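Chemist: Submitted below is the structure of interest, expressed as structure tokens.
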Amino acid sequence: MAASDSNTSIIFLYIFLVVLLLQTQISNSLTCSSQKLSKNKLYKQCSDLPKLDSYLHWTYDSSKSSLDIAFIAPPAKPDGWIAWAINPTSTGMVGSQTLVAYKQSDGSMTVKTYNITSYKDVLLGKIDFQVSKMEAEYVDGVIKMYASIVLPPTYGKVVNHVWQVGPSLKNENGDLNVHGFAADNINSVGKLDLMSGSAGGSSGGGGSTSTTSTSSGSAKSGGISSKLKKKNIHGVLNAVSWGMLFPIGAVIARYLRVFEAADPAWFYLHVFCQLSGYAIGVAGWATGLQLGKQAQGFGNTLHRNIGITLFTFATLQVITPPTIFFSFRDQHLMRSDFLTLIV
1 MAASDSNTSI IFLYIFLVVL LLQTQISNSL TCSSQKLSKN KLYKQCSDLP KLDSYLHWTY
61 DSSKSSLDIA FIAPPAKPDG WIAWAINPTS TGMVGSQTLV AYKQSDGSMT VKTYNITSYK
121 DVLLGKIDFQ VSKMEAEYVD GVIKMYASIV LPPTYGKVVN HVWQVGPSLK NENGDLNVHG
181 FAADNINSVG KLDLMSGSAG GSSGGGGSTS TTSTSSGSAK SGGISSKLKK KNIHGVLNAV
241 SWGMLFPIGA VIARYLRVFE AADPAWFYLH VFCQLSGYAI GVAGWATGLQ LGKQAQGFGN
301 TLHRNIGITL FTFATLQVIT PPTIFFSFRD QHLMRSDFLT LIV
């Protein structure tokens, strides 16, 4: 009876760990509606922008033409900058009335305004609308920029918006070094419907955006972005491999081998779970590396290191040859129990 209770407790422990891992993977794919903002700031609308791992939160009061925004993005480099703008004249960069957040030489964060009159000159200057409550913070490799804007009545309720990230500043005067010219940088433009909550990306960019009304919780438009799809795929693959197949394989090896009727079927089932778990884990690990390259500036070092460690131990489990002192199966099971416990 005691042995049975012990086995049951261990199985429940495995189930708990699987659920915990699933929760962790889901939390890594959160959309804008689940982001936590400082000082408990709340906005009626938010959007997962389709480019540059960026997010926009906003509240629009049509009676006052006031717009409160929070723009969140990782800078291209730790000392870089992020920018969000409204362009009243076109869909591109030139003409943009821009807010830029960056870290100053003393380590404090600041937000400045830039009137982009040409591609060559990106300099500090007044913009066409009133701006107040400008502030920014740098958290875990991501800059969060806040501002309150009063829009001219001529702007209407649908505006062209542009967002961007850059590597650094030229000097302490706020002159910006040029941003990158990858596809995501070129296509980080779209239409922002201040009332309905639609914040679509560039039609030429090939990406869609997921927009949510945080007051009602209902989805507004567009499906989910390719970035979010990759995060979800990464989470599901790793949850299935490390969180389900590897523990199930270990449970089979430890608790089914005592039954003679299950021999040798349990061993082949164990090997199937371990090998298929490893194969799926490789795919999950590879998608994680790809996401890491695309998310420069995020402070996800711990997550990356855990993934590399898991992959290393799992690879050792698969490729380590049996020794001359044990049969293949006995040695494999000893190694499997040890490494699966670590994983």
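full-length UniProt numbering applies: residue 1 is where the sequence shown begins, and numbers increase by one. Glycine included, each C-beta is placed from N, C-alpha and C at the ideal position. A quick note: this is a predicted structure, and the numbers were derived from the prediction, not measured.
(1) Compare the C-alpha of residue 113 against each of 104, 134, 106 and name the closest.
(2) Classify residue 287: buried if its beta carbon has 16 or more other beta carbons within 10 angstroms, exposed otherwise.
(3) Provide the residue span of the alpha helix (DSSP H) that contains residue 255, from first to last.
(4) Cutting at 8 angstroms between CB atoms, please list the residues of its own chain near residue 98, excluding the five before and the five after it.
(5) For residue 204, which residues of its own chain have a beta-carbon under 8 angstroms away from its beta-carbon, when the five flanking residues on both sides are left out?
(6) Out of 100, 275, 289, 102, which has the shortest C-alpha to C-alpha gap to residue 303?
(7) Would residue 81 and residue 69 qualify as a contact pair, given that the criterion is a beta-carbon distance under 8 angstroms?
(8) Counting only runs that start and end within the segment 57-124, where is the beta strand (DSSP E) found for 3 or more residues in a row?
(9) By Cβ distance, which residues of its chain are closer than 8 angstroms to residue 172, with the 5 residues on each side in sequence left out?
(10) Looking at the strands, I want to know which residues DSSP matches up with residue 193.
(11) By DSSP, does residue 141 sit in helix, in strand, or in coil?
(12) Looking at the structure shown, is residue 135 part of a helix, part of a strand, or coil, going by DSSP?
(13) Quick one, are the C-beta atoms of residue 48 and residue 31 less than 8 angstroms apart?
(14) If you draw a straight line from the C-alpha of residue 55 to the C-alpha of residue 62, how long is it?
(15) Are there 16 or more other CB atoms within 10 angstroms of the CB of residue 108, so buried, or fewer, so exposed?
(16) Quick check on the burial criterion: 16 or more other C-beta atoms within 10 angstroms. Buried or exposed for residue 153?
(17) Less than 8 angstroms between C-beta atoms, sequence neighbours within five positions excluded: which residues of the same chain meet that for residue 90?
(18) For residue 169, collect the residues of the same chain with a Cβ closer than 8 angstroms to its Cβ; drop the 5 residues on either side in sequence, then sort them by chain order.
(19) Is it right to say residue 280 is buried, meaning 16 or more other beta carbons lie within 10 angstroms of its own, or is it exposed?
(20) In this structure, does DSSP put residue 184 in helix, strand or coil?
(21) If contacts are defined as beta-carbon pairs under 8 angstroms, then residue 77 and residue 167 qualify, I think. What distance do you get, rounded to the angstrom?
(22) Where does residue 168 fall in DSSP's three states?
(23) Is it true that the CB of residue 147 sits closer than 8 angstroms to the CB of residue 100?
(24) Using the C-alpha atoms, what's the distance from residue 67 back to residue 26?
(25) Helix, strand or coil, according to DSSP, for residue 212 in the structure here?
(26) Alpha carbons only, please: which of 158, 301, 319 is nearest the one belonging to residue 193?
(27) Output yes or no for whether 8 angstroms exceeds the beta carbon distance between residue 88 and residue 142.
(28) Based on Cα-Cα distance, which residue from 72, 129, 249 lies nearest to residue 96?
(29) Closest by CA to residue 137, which one among 251, 275, 311, 36?
(30) Mind checking which residues open and close the beta strand (DSSP E) that includes residue 33?
(31) DSSP state of residue 282, grouped into three classes?
(32) Tell me whether residue 243 is buried or exposed, calling it buried when 16 or more other Cβ atoms sit within 10 Å of its Cβ.
(33) Do residue 273 and residue 245 come within 8 angstroms of each other at the CB atom, strictly closer than that value?
(34) Compute the Euclidean distance between the alpha carbons of residue 251 and residue 292, then round it to the nearest angstrom.
(35) In the DSSP output, which residue or residues are listed as bridge partners for residue 291?
Modeler: On the basis of the data shown:
(1) Taking the sequence shown and counting its residues from 1, the one referred to as residue 113 is at position 113. When each option's Cα is compared against that of residue 113, the closest is 134.
(2) For the purposes of this step, residue 287 is taken as residue 287 along the sequence shown, with counting starting at 1. Looking at its Cβ environment, which holds 16 or more other Cβ atoms inside 10 Å, residue 287 is buried.
(3) Locating residue 255 in the sequence shown gives position 255, where the first residue counts as 1. It spans 246-255 - the alpha helix (DSSP H) in which residue 255 sits, taken as one unbroken run.
(4) Residue numbering aside, residue 98 sits at position 98 when the sequence shown is read from its first letter. Contacts found: 83, 84, 85, 113, 114, 115, 116, 127, 162.
(5) As a first step, residue 204 is located in the sequence shown; it is residue number 204 there, counting from the start. Interpretation of residue 204 is limited by its pLDDT of 36, a score under 50 that renders its predicted location unreliable; the figure taken from the coordinates is listed afterwards. 187, listed in sequence order.
(6) Taking the sequence shown and counting its residues from 1, one reaches residue 303 at position 303. The shortest C-alpha separation from residue 303 is found at 289.
(7) Taking the first residue of the sequence shown as 1, we reach residue 81 at position 81. Taking the first residue of the sequence shown as 1, we reach residue 69 at position 69. Their beta carbons are not under 8 angstroms apart, which means residue 81 does not touch residue 69 by this criterion.
(8) 66-73, 81-87, 97-103, 109-115
(9) The sequence position of residue 172 within the sequence shown is 172, counting from 1. If we look at residue 172 and ignore the five residues flanking it on each side, its Cβ neighbours are 104, 105.
(10) The sequence position of residue 193 within the sequence shown is 193, counting from 1. Partner(s): 158.
(11) If you number the sequence shown from 1, residue 141 lands on position 141. Coil.
(12) For the purposes of this step, residue 135 is taken as residue 135 along the sequence shown, with counting starting at 1. Residue state, collapsed to three classes: strand.
(13) Indexing the sequence shown from 1 puts residue 48 at position 48. Indexing the sequence shown from 1 puts residue 31 at position 31. In contact: residue 48 and residue 31 (Cβ atoms closer than 8 angstroms).
(14) Mapped onto the sequence shown, residue 55 falls at position 55. Mapped onto the sequence shown, residue 62 falls at position 62. Each residue's alpha carbon lies about 22 angstroms from the other.
(15) By one-based count along the sequence shown, residue 108 stands at place 108. When all chains shown are included, residue 108 counts as exposed.
(16) In the sequence shown, counting from the first residue as 1, residue 153 sits at position 153. Exposed, since its Cβ has fewer than 16 Cβ neighbours within 10 Å.
(17) Taking the first residue of the sequence shown as 1, we reach residue 90 at position 90. Within the same chain, residue 90 has close Cβ partners 160.
(18) Stepping through the sequence shown from its first residue, residue 169 is reached at position 169. Correct list, in chain order: 79, 81, 102, 175, 176, 177.
(19) Sequence index remark: in the sequence shown, residue 280 carries index 280 (1-based). Per the 10 Å Cβ criterion, buried.
(20) Here residue 184 corresponds to residue number 184 of the sequence shown, with the count starting at 1. The answer is helix: DSSP assigns residue 184 an H, G or I state.
(21) The residue labelled residue 77 in the question sits at position 77 within the sequence shown. The residue labelled residue 167 in the question sits at position 167 within the sequence shown. That pair is a contact at about 4 angstroms.
(22) To locate residue 168, count along the sequence shown from 1; it is residue 168. Coil at residue 168, not helix or strand.
(23) As a first step, residue 100 is located in the sequence shown; it is residue number 100 there, counting from the start. As a first step, residue 147 is located in the sequence shown; it is residue number 147 there, counting from the start. No, the pair does not count as a contact, with Cβ atoms beyond the cut-off.
(24) On the sequence shown, position 26 is the one that residue 26 refers to. On the sequence shown, position 67 is the one that residue 67 refers to. Summary for residue 26: the model assigns pLDDT 42, below 50, so the residue's position carries little reliability; its value from the coordinates is reported in the next sentence. So the two alpha carbons sit approximately 31 angstroms from each other.
(25) Position 212 of the sequence shown holds residue 212. Low local confidence applies: a pLDDT of 48 at residue 212 is under 50, so the model's placement there is unreliable, with the coordinate-based value given in what follows. Strand.
(26) Start at 1 with the first residue of the sequence shown, and residue 193 comes out as number 193. Among 158, 301, 319, the Cα nearest to that of residue 193 is on 158.
(27) Translated into positions along the sequence shown, residue 88 becomes position 88. Translated into positions along the sequence shown, residue 142 becomes position 142. Not in contact: residue 88 and residue 142 (Cβ atoms no closer than 8 angstroms).
(28) Taking the first residue of the sequence shown as position 1, residue 96 is located at position 96. Comparing Cα positions, the closest option is 129.
(29) Within the sequence shown, residue 137 is the residue found at index 137, counting from 1. Minimum Cα distance to residue 137 is reached at 36.
(30) Stepping through the sequence shown from its first residue, residue 33 is reached at position 33. No beta strand (DSSP E) holds residue 33; DSSP gives it neither H nor E.
(31) As a working note, residue 282 is residue 282 in the sequence shown. DSSP places residue 282 in helix when its eight states are reduced to three.
(32) Here residue 243 refers to the residue found at position 243 of the sequence shown. Residue 243 should be labelled buried.
(33) Translated into positions along the sequence shown, residue 245 becomes position 245. Translated into positions along the sequence shown, residue 273 becomes position 273. Contact flag set, yes.
(34) Position 251 of the sequence shown, counted from the start, is the residue given in the question as residue 251. Position 292 of the sequence shown, counted from the start, is the residue given in the question as residue 292. Those two C-alpha atoms are separated by around 33 angstroms.
(35) Translated into positions along the sequence shown, residue 291 becomes position 291. In DSSP, residue 291 forms no bridge with anything.
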